[in-house]
Every structure is written in C-alpha cells, then in structure tokens.
Amino acid sequence: MNAAAATWHEGERALQSRAGIGQRMAEIGPRVVRDHMPDQHRSFFAQLPFLIAGSLDAEGRPWASVLAAPPGFAHAPDPMHLRIDARPLRDDPLGAALAPGAPIGLLGIEPHTRRRNRMNGVVEALDARGFSVAVGQSFGNCPKYIQAREPLFVGGAQDAHVGPRSDRLDMKAQRMVRAADTFFIATAHPSAGDAGSPAHGIDVSHRGGRPGFVQFSGEDTLTVPDFVGNTFFNTLGNIAINPVAGLLFIDFETGDLLQLFVKAEIVWDGPEVAVFAGAERLLRMQVVAAQHAPAALPLRFGPAALSPHLEATGRWPAPA
C-alpha cells in the first residue's frame with residue numbers, strides 16, 4: 021500500500037480528485053496525518069474538559085457523543101495512546117460500542133481558542149474508570165467556523181442519561197437545531213468495524229455557521245451548507261461511500277444534548293447550492309433516529325463570538 025492510499029481511503033481520494041487537488045493531497049497527506057500524537061497534541065488533550073467521540077452501534081451505524089470531566093481526564097502516557105478517564109452517559113450508544121478492538125474517532129476542541137485536533141484509532145483497554153485508545157491517525161484542523169465560547173465545568177450530571185429514542189424530531193429538538201451555530205458529525209468507512217488500514221475507521225468532525233445554517237425541509241430533513249475547509253474530505257469522503265452519519269447538537273447554555281442518526285447525501289451543485297452564500301456543496305440529511313439528554317453535559321459556556329470566517333457565508337433570519 022502506498023503512502024497516499026494508507027492516509028486517504030477511496031472516498032476521500034475521489035473527492036480530492038473531484039476538487040482538483042488529488043495530487044497535492046497525495047503528497048502532503050502522509051506529512052500531516054501521523055500514526056502518533058505529537059507532543060503538542062498530547063498536551064492539548066490533557067487541558068480539555070470535554071471530548072467529542074464517534075462510534076458504531078451494533079448495526080454499524082455511526083453516532084456522535086460527548087465525554088466530559090475536569091481537565092486532565094484525557095491524557096497521553098505516550099505518543100501512541102490516549103487514556104480517557106470518563107464513561108458515557110447511560111444509554112448513550114458509545115457505552116455499548118466501547119470494547120477492545122472497536123474503532124473510535126475523537127475530536128479535541130477548545131472553542132475559546134479555536135483549536136482542534138483529531139485522533140482516530142481503536143479501543144485497546146476498558147475498565148470501570150474509562151478506556152484507552154491506540155492511535156491510528158492523528159492530525160490537526162484549521163480554526164475555521166469555530167465559534168469562540170469558554171466552558172465552565174459545573175458538575176452535577178453524574179446521574180444524567182439519554183432519553184428514549186424516537187424516529188422524528190419533536191418541537192423542542194427542532195428549536196434546538198434551528199438555533200444551533202455548531203454541531204458535530206460522525207461518519208465511517210464501510211469497513212470501519214474490521215481490522216485494516218487506519219484510514220478505514222470512524223471519524224468525528226465539527227461544523228459551524230451562523231445560527232440558522234442548519235435548515236429544515238419538512239420536519240425531519242436537514243440541509244447544511246458545506247463551506248471551504250481543510251480539503252481532507254474526511255466526512256464527505258465517508259458519506260460518499262457510506263451515506264449515513266451521527267449528529268450531536270449541544271445547547272451550550274443548558275447542557276442539553278441531542279443525538280441524531282441520519283441518512284445523508286451530498287448535493288453537489290444546482291440552484292439549491294446557490295441559495296447558500298459561500299457554500300461549495302450541501303449536505304442533506306434525513307433523520308432516522310433521535311434521542312435527547314436534558315442538562316446532561318456538566319459544562320456551561322459563555323456567549324459566543326462568531327468565527328470571522330463566517331463573513332464569507334450567508335446570513336439567515338435569527339431563529340425564534
């Protein structure tokens with residue numbers, strides 16, 4: 021396997037080629053996507069009070085989840101491993117997914133400094149306190165579209181749990197989505213559950229925009245503009261060959277969590293794309309399952325300062 025194929029799977033390479041950057045990404049990919057965490061990433065994870073995680077349920081469906089605890093709960097004893105001393109909420113799909121050998125995607129994000137780093141790998145060990153992850157891929161991300169807001173650890177969510185699953189969004193969930201300026205998205209290569217190339221794993225990423233950038237068609241179909249990014253195409257590359265995703269919305273004032281499993285498709289061009297200023301393409305997602313966890317995140321966040329990169333994107337009416 022050559023270096024580019026080891027770094028990018030066929031979906032990512034196809035989208036990079038479509039964007040006219042296939043050769044450039046083949047050259048730089050092996051330099052920016054590492055098989056270990058550099059010291060800067062190791063210290064970064066250790067200062068965070070929360071991590072976003074992507075996992076697969078028993079049916080192979082991706083879900084996005086959040087783990088939170090006082091800073092230091094995530095720490096890297098060496099460049100090849102990340103230890104996480106936290107467990108998922110009761111009934112969160114991540115809880116059932118954690119098993120030795122299971123693929124996992126992790127996103128460390130510090131909103132108030134607009135820093136983020138990704139680490140994808142496999143669960144190596146599991147115990148009552150948490151779990152350890154062996155690194156498959158480690159790479160940084162640009163600060164685009166991150167809304168700056170500072171977290172405060174408030175605790176008090178130890179007994180929180182995820183509510184019953186539904187096949188549609190109720191009014192409270194719809195209001196939460198409409199007001200969002202941020203969400204997280206987990207996607208996976210179809211062979212993510214099998215041993216193989218580190219590129220064939222699960223990934224979890226961030227999406228940001230002005231409030232209202234996630235739009236509804238009907239009650240349960242979401243349309244999101246895809247703005248210019250780092251051109252890795254991790255998320256869209258997965259969706260191109262495995263058109264499903266897990267979404268996580270966080271109410272940063274109340275600590276409410278909303279997790280969705282969706283069927284996804286990429287809208288490449290046409291009048292729909294033109295409606296969204298700054299969009300290069302759209303992501304359309306049909307909600308299949310939804311679950312809500314009120315006040316489950318033991319963090320509250322200060323007011324948001326929108327990313328300056330949003331000046332090149334659209335403006336929508338403020339959500340009611």
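Position in the sequence shown (first residue = 1) + 20 = my numbering. Using N, Cα and C, we set each Cβ at its ideal position, and we do this for glycine too.
Is Leu68 helix, strand or coil by DSSP? In this structure, Leu68 counts as coil in the three-state DSSP scheme.
Compute the beta-carbon to beta-carbon distance between Ile72 and Phe204, rounded to the nearest angstrom, for a pair I have assumed lies under 8 Å. Confirmed, about 5 Å.
If Trp28 sits next to Ala260, beta carbons under 8 Å apart, how far is it from one beta carbon to the other, in whole angstroms? With a Cβ gap of about 12 Å, Trp28 and Ala260 do not count as contacting.
If you reduce the DSSP assignment to three classes, tell me which class Arg134 lands in. Under the three-state reduction of DSSP output, Arg134 falls in the coil class, being neither helix nor strand.
Once the 5 residues before and after Pro123 are set aside, which same chain residues still bring their CB inside 7 Å of it? Same-chain partners within the cutoff: Leu76, Val142, Ala212, Gly213, Gly221 and Ile222.
With a cut-off of 8 Å on the beta carbons, I'd call Val155 and His56 a contact; round off their distance for me. Their Cβ separation, rounded to whole angstroms, is 6 Å, which keeps Val155 and His56 in contact under 8 Å.
Close beta carbons around Asp289, own chain, < 8 Å, minus the five adjacent residues each side: Within the same chain, Arg301 come within 8 Å of Asp289 by CB-CB distance, once the 5 residues on both sides are set aside.
State the CB to CB distance for the pair Gln194 and Phe236, rounded to an integer number of angstroms; the pair is presumed to be in contact (CB under 8 Å). Rounded, the Cβ-Cβ distance is 7 Å, consistent with contact.
Work out the CA separation of Leu267 and His312 for me, nearest whole Å. Spanning the two alpha carbons is a distance of roughly 12 Å.
Just verifying my parser: in three-state terms, what is the DSSP assignment at Met305? In the structure shown, Met305 sits in a strand (DSSP, three-state: E or B).
Please go through the same chain and pick out, in chain order, the residues whose beta-carbon is closer than 8 Å to the beta-carbon of Ala299, but skip the five residues on each side of it. Hits under 8 Å: Pro245, Asp246, Phe247, Val293, Thr333 and Gly334.
Residues near His101 by beta carbon distance below 8 Å, same chain, minus five either side: Here the set comprises Glu144, Ser152, Val153, Ala154 and Val155.
Does the contact criterion of 3 or more C-beta pairs under 8 Å hold for the stretch 107 to 115 versus the stretch 76 to 90? Yes, they touch.
Between the Cα of Gly229 and the Cα atoms of Lys283, Val197, Thr274 and Leu330, which residue gives the shortest distance? If we check each option's Cα against that of Gly229, Leu330 comes out closest.
Completely contained beta strand (DSSP E) runs for the stretch 221 to 292, where each covers 3 or more residues: If we require 3 residues or more, the beta strand (DSSP E) runs fully inside the stretch 221 to 292 come out as 222 to 228, 235 to 237, 241 to 247, 264 to 270 and 277 to 287.
Note down the Cα distance separating Ala340 from Pro50, rounded to an integer number of angstroms. Per-residue confidence for Ala340 stands at a pLDDT of 46, beneath the threshold of 50, marking its modelled position as unreliable; no derived number is given.
What are the start and end residues of each continuous alpha helix (DSSP H) run of 4 or more residues lying completely inside the stretch 135 to 167, in chain order? Annotation: the stretch 135 to 167 contains no complete segment of the alpha helix (DSSP H) (minimum length 4 residues).
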